[in-house]
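Read through the structure below, which is laid out as C-alpha cells, and then see the notes.
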Amino acid sequence: LNELKDSGVFDLLLQLLHEPAFLHAKTLRDEFLKKIGEKHPHFEFLEALSLKCSNSIFGSEHVHYILNHVSASRYTHNDLEGSSVNLLYDISRNFPILFRGSEHQLKLLMMEDDLALHGKLTQILANLGSYISTKISEIYPQLEKLCLEGTRAQAKSAISVIAALVGPSEKFLVEDLCQKLVQLLFGERNIPTVLQSLGCISQHFVLEFQKHRNEVTSYIRERIFEETITEAAVQFDQIAGCEVCFGCKMKIYGLKLLVKSVLPNKEVHGKEQIS
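Heads up: the sequence shown begins at 3 in the working numbering, then just goes up one per residue.
Next up, the structure:
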C-alpha cells in the first residue's frame, strides 16, 4: 500500500468499507478494479483487498429482508421469529453499518405491543449507536417502559440506547425518567430493574443522577442494608443454579449501583468523588 501514489485508490476502498448495500458495493468494486487495471503490478493484492473491504457476506438488503420477515411473523406465529431476531443481533454486533436505511422498520417493530420483543430490539439498537439515524422521540415510550418494567438486562440496553440517541435539548426525558424510577424505588416495585436503570443512568448522565443521588443512596443504606427488605424471601437463581436469598441479591444490586455511580462512562464529563 505504501507504494501506491494514487489517493483515489484509497478513496474507493473507503467507499467500499462504508457501503452497506451488497449490489452497490459490487458496482463500486467493479469500478475500483477497472480503474486499477489488470496490468497493475499489485492487481491481485488489490483485488483480494477490495473483496475484504466490501460486504460480500451480508448486505443491507439481507437486513431489510430479515426485518420484513420478523414483521410478517408477528401475525403468522412463525417459529423462526426468535432465530431471526438472534441473527439480527449478531449482524448488529459485527456489521452495524448494514442497518443504515432500516430505521423505519426498527421503529415499527418497537411500536409493537410486545415487551419481550422490545428487549431484544433494544439490544440491537444498543449495538447500532451512531450508525443509524433514529429520533429518540420515536421510540422513547418503549425504552422507558423497559427501564421501569423490564428485566435488568433489558433496562441496561434501553439506557444505552437512550444515551446514544438523546440530544442536549432532550435531557429532560432523562430527568423525568429518574423521577419515575425514584418513585418506583420508594414504592418498592420491580426493585432489581429500577436499581439497574438508576445505576446505568448514573454512568451516562452524571448531572441528572446527582439530583437524586442522596435519595437513592439513603434508600440503599436504610432499606436494603439496615432493614434488609424481604430478607426471608428466597428465589432460585438460574445462573448460580441454587436458591439465593432475595435480600442478598438486593444488597448486590445496591452495591453495583453505588459502584457505577462513582465510575461514570469514560465518554461522560463529570465524576462523583468517593467519600
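A virtual CB, placed ideally from N, CA and C, is assigned to each residue, including glycine.
Have a look at residue i and residue j and give me their C-alpha separation to the nearest angstrom.
i: G103; j: H71; result: 16 Å
i: I59; j: S139; result: 33 Å
i: G131; j: Q144; result: 17 Å
i: F211; j: N129; result: 24 Å
i: S75; j: L167; result: 28 Å
i: F101; j: I126; result: 10 Å
i: A157; j: C149; result: 4 Å
i: F2; j: K173; result: There is simply no residue 2 to check, as the chain begins at 3 and stops at 277 in what is shown.
i: I99; j: F45; result: 28 Å
i: N216; j: L197; result: 14 Å
i: T153; j: M252; result: 14 Å
i: L111; j: H66; result: 13 Å
i: L90; j: S171; result: 31 Å
i: F207; j: A50; result: 45 Å
By Cβ distance below 8 Å, which residues in the same chain neighbour residue i in space, the five residues on each side in sequence not counted?
i: D115; result: none
i: L18; result: A27, L30, R31, F34, S52, C55 and S56
i: K213; result: E177 and C180
Between which residues of its own chain and residue i is the CB-CB distance below 6 Å, once the five residues before and five after are set aside?
i: L14; result: F34
i: C202; result: K158 and I161
i: G256; result: I222 and I226
On the CB-based measure, 16 or more other CB atoms within 10 Å of its CB, does residue i come out buried or exposed?
i: A234; result: Per-residue confidence for A234 stands at a pLDDT of 44, beneath the threshold of 50, marking its modelled position as unreliable; the derived number appears in the next sentence. By the 10 Å Cβ count, A234 comes out exposed.
i: I254; result: exposed
i: F47; result: exposed
i: P22; result: buried
i: A165; result: buried
i: N88; result: exposed
i: L108; result: buried
i: N96; result: exposed
i: S85; result: exposed
For chain D, check one thing: does any of its Cβ atoms lie closer than 9 Å to the Cβ of residue i?
i: N96; result: Reference to chain D is not applicable here, since this structure consists of a single protein chain.
Can you list, in chain order, the residues of its chain with a C-beta nearer than 7 Å to that of residue i? Leave out the 5 residues immediately preceding and following it.
i: Y221; result: L187 and F188
i: S135; result: E105
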